[in-house]
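**Student:** Pasting a structure here, questions to come.
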Amino acid sequence: MEEKPFKALAKSSGRQGSGKSSRHSDIRKLWTTATLSQPKVNVALSSVCDDSEASSVGGNTRRWYDQKAGRHSDIGWEDSEDGEDKDSFRQEELEEHSLLELQLHGGSSLGSRLEEGDDDARTETERSSSMSSLNFSKHTHHRAYWVEQQSRLPLPLRELMENEALEILTKALQSYRSGIGRDHFLTKQLQRHIEGLKRRRNKRLHVSVH
Amino acid sequence: MKLKKGSFLWYLYLDKLYCLLSVRNVKALVDYFHLLDVHHKNTLNDVLFYHFLHHVTNLTRTQINIVFNMLDWSAVGEIGFDQFYMLVCILLAQENRLEERFIFRHSRPVFELLDVDGELRVGAANFHMYNFLFNIKRQELRELYHDFDITGDRRLNYKEFKLFTIFFMDKYQERQKAEKEKALLEKKRSRQVNVSQKKSLLGLNGSESRI
Chain A
44 MEEKPFKALA KSSGRQGSGK SSRHSDIRKL WTTATLSQPK VNVALSSVCD
94 DSEASSVGGN TRRWYDQKAG RHSDIGWEDS EDGEDKDSFR QEELEEHSLL
144 ELQLHGGSSL GSRLEEGDDD ARTETERSSS MSSLNFSKHT HHRAYWVEQQ
194 SRLPLPLREL MENEALEILT KALQSYRSGI GRDHFLTKQL QRHIEGLKRR
244 RNKRLHVSVH
Chain F
410 MKLKKGSFLW YLYLDKLYCL LSVRNVKALV DYFHLLDVHH KNTLNDVLFY
460 HFLHHVTNLT RTQINIVFNM LDWSAVGEIG FDQFYMLVCI LLAQENRLEE
510 RFIFRHSRPV FELLDVDGEL RVGAANFHMY NFLFNIKRQE LRELYHDFDI
560 TGDRRLNYKE FKLFTIFFMD KYQERQKAEK EKALLEKKRS RQVNVSQKKS
610 LLGLNGSESR I
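Here is the structure:
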């Protein structure tokens, strides 16, 4: 069970587009070695990822890359097995970000509009908003990966845990209602907890569908 | 007692030597516990505990209540993570047929669990009450009290119980050995049967070709 998540992720990274796979595998490899050697890194990433949800994605992803590169320089990047130079790492990250933007320009959702010949009609604001939403969905996919790396629990296991907990708590809610009544604060607390779990599950399903 | 196939606990496993969970498994279990800890007290009350056990095992209501009372050693009406972890280890030990090894490795905590009254002595009734958890057969119980009740008070203190666990473990290892030898013998026999069948087939084919 300990080694399987890394192997499963390595296989899944290989199934992605060939153009992106080498860059993704490089970053994932670097991140994996970083987290293995530097436990403190885990703390900062979650707060950084939370920040990126609040404001526009484009600028924050760049800030995240900068912060990550800066943090590694503080901790001691030379401890990693690859021994990547922090300047080349930062450059690689920025290059990848710009490449992502280029790919989005040629992406399928934009591509259908281009084929129709509506390029000239579309305004600059429409383009940037669609780009940011695509950026956000791509970032969300990556975010799930980083969260998994941080928590070290495979996502399917996490899903199984939450689904099972939801079933157990739904049955417990019926006992609470019959035992202490619907209006009791413990019943309401349990109900809120169940609703929170359901929202999280729906959010996860929504991300996986898109 | 059986764990529900495909449940979260079913995917955990005990280290076979020490009968404990690995760090990764414990981390997963902590997260699971916090999902069930609805009131954010790092505990499960009796209702949540009942529904959890009812969902993941085939234990009856009476048995679940017995387990709850056994684990609620501070008598606060709630189960903390330590007790939850202990329970999961016991369930997994039974699921993976490691009861003897588990009792041997963790004789002190098991003794304290069985000693519900806090008298530092365990009677036959205590064993019998938790039989569904530790799977000690009636014959073994009789032997236990016959052979190990050195003080003669028809109850076991910890030292007598520890001797029993050593004996229990030896018996388990002998049984394992016997099962392995039996499996090897059966394998050899099936190979011999295959070889003789092949030889007879070759012999038949040879005689047909001559005809």
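Residue numbers (my numbering), protein chains in the order written: chain A, 44 to 253; chain F, 410 to 620. Where is the CB? At the ideal position from N, CA and C, for every residue including glycine.
Taking three-plus beta-carbon pairs below 8 angstroms as touching, is the segment 448-463 of chain F in contact with the segment 532-540 of chain F?
**Tutor:** No: the two stretches stay apart, fewer than three of their Cβ pairs being nearer than 8 angstroms.
**Student:** Would you call the CB atoms of Tyr-420/F and Leu-200/A closer than 8 angstroms?
**Tutor:** yes
**Student:** If the cut-off is 8 angstroms on Cβ atoms, which residues from the segment 469-494 of chain F count as contacting chain A, listed in chain order?
**Tutor:** Residues of the segment 469-494 of chain F that bring their beta carbon within less than 8 angstroms of a beta carbon in chain A are absent altogether.
**Student:** When you compare only the Cα positions, how much space is there between Asn-505/F and Glu-210/A?
**Tutor:** 25 angstroms
**Student:** What three-state label does DSSP hand Arg-584/F in the structure shown?
**Tutor:** Arg-584/F: helix per DSSP, three-state reduction.
**Student:** Who are Arg-564/F's beta bridge partners in DSSP?
**Tutor:** Partner(s): Gly-532/F.
**Student:** Am I right that Asp-455/F and Phe-490/F are in contact with their C-beta atoms under 8 angstroms? What's the rounded C-beta distance?
**Tutor:** That belief does not hold up - the Cβ atoms of Asp-455/F and Phe-490/F are roughly 16 angstroms apart, past 8 angstroms.
**Student:** Which value, in whole angstroms, describes the spacing of the CA atoms of Thr-471/F and Leu-480/F?
**Tutor:** Going from the Cα of Thr-471/F to the Cα of Leu-480/F covers about 14 angstroms.
**Student:** In chain A, which residues lie less than 8 angstroms from Val-531/F when you measure between Cβ atoms?
**Tutor:** Near Val-531/F there are no residues of chain A at all, since even the closest Cβ is about 32 angstroms away, more than 8 angstroms.
**Student:** Residues of chain A with CB under 8 angstroms from Val-456/F, in chain order?
**Tutor:** From the beta-carbon of Val-456/F, the residues of chain A found nearer than 8 angstroms are Ala-215, Ser-218, Tyr-219, Gly-222.
**Student:** Could you work out which residue in Leu-457/F, Leu-610/F, Phe-417/F, Ser-431/F is closest to Gly-222/A when comparing CA atoms only?
**Tutor:** Leu-457/F
**Student:** Less than 8 angstroms between CB atoms is the rule here; does His-227/A satisfy it with respect to chain F?
**Tutor:** no
**Student:** Indicate whether at least one CB of chain F lies closer than 8 angstroms to the CB of Glu-210/A.
**Tutor:** So yes, Glu-210/A belongs to the interface.
**Student:** So, with DSSP's three-state summary, where would you put Asn-540/F?
**Tutor:** Residue state, collapsed to three classes: helix.
**Student:** Check whether the segment 547-561 of chain F touches the segment 500-516 of chain F, counting contact only when three or more Cβ pairs, one atom from each stretch, lie closer than 8 angstroms.
**Tutor:** no
**Student:** Under the rule that 16 or more other beta-carbon atoms within 10 Å means buried, what is His-148/A, buried or exposed?
**Tutor:** Any reading at His-148/A needs caution, since the residue's pLDDT is 47, under 50, leaving its predicted position unreliable; the model's value is listed next. Flag for His-148/A reads exposed.
**Student:** Would you say Val-439/F faces chain A, with C-beta separation under 8 angstroms as the test?
**Tutor:** no
**Student:** Can you round the beta-carbon distance between Leu-501/F and Leu-418/F to whole angstroms, since I take them to be within the 8 angstroms contact cut?
**Tutor:** Contact holds; Cβ gap of about 7 angstroms.
**Student:** If you measure from the beta carbon of His-236/A to each beta carbon in chain F, is any gap under 8 angstroms?
**Tutor:** So yes, His-236/A belongs to the interface.
**Student:** Please tell me whether Phe-447/F has its Cβ less than 8 angstroms away from any Cβ of chain A.
**Tutor:** Note that residue 447/F corresponds to Val in the displayed sequence, not to Phe. Answer yes: the Cβ-Cβ gap between Val-447/F and chain A drops below 8 angstroms somewhere.
**Student:** Of all the CB atoms in chain A, is at least one closer than 8 angstroms to the CB of Ser-605/F?
**Tutor:** no
**Student:** For chain F, is any of its Cβ atoms less than 8 angstroms away from the one on Glu-207/A?
**Tutor:** Interface residue, yes.
**Student:** In chain F, which residues lie less than 9 angstroms from Leu-203/A when you measure between Cβ atoms?
**Tutor:** Those within 9 angstroms of Leu-203/A in chain F are Gly-415, Ser-416, Phe-417, Tyr-420.
**Student:** Is Asn-474/F closer than 8 angstroms to Met-410/F when the C-beta atoms are compared?
**Tutor:** Met-410/F places its beta carbon 8 angstroms or farther from that of Asn-474/F.
**Student:** Output the boundary residues of the beta strand (DSSP E) element that contains Met-452/F.
**Tutor:** For the record, residue 452/F in the displayed sequence is Thr; it is not Met. Its beta strand (DSSP E) spans residues 452-454.
**Student:** Given Leu-572/F, which residues of its chain have a CB within under 7 angstroms of its CB, disregarding the five upstream and five downstream residues?
**Tutor:** Counting only residues of its own chain and dropping the five nearest sequence neighbours on each side, Leu-572/F has a CB closer than 7 angstroms to the CB of Phe-557.
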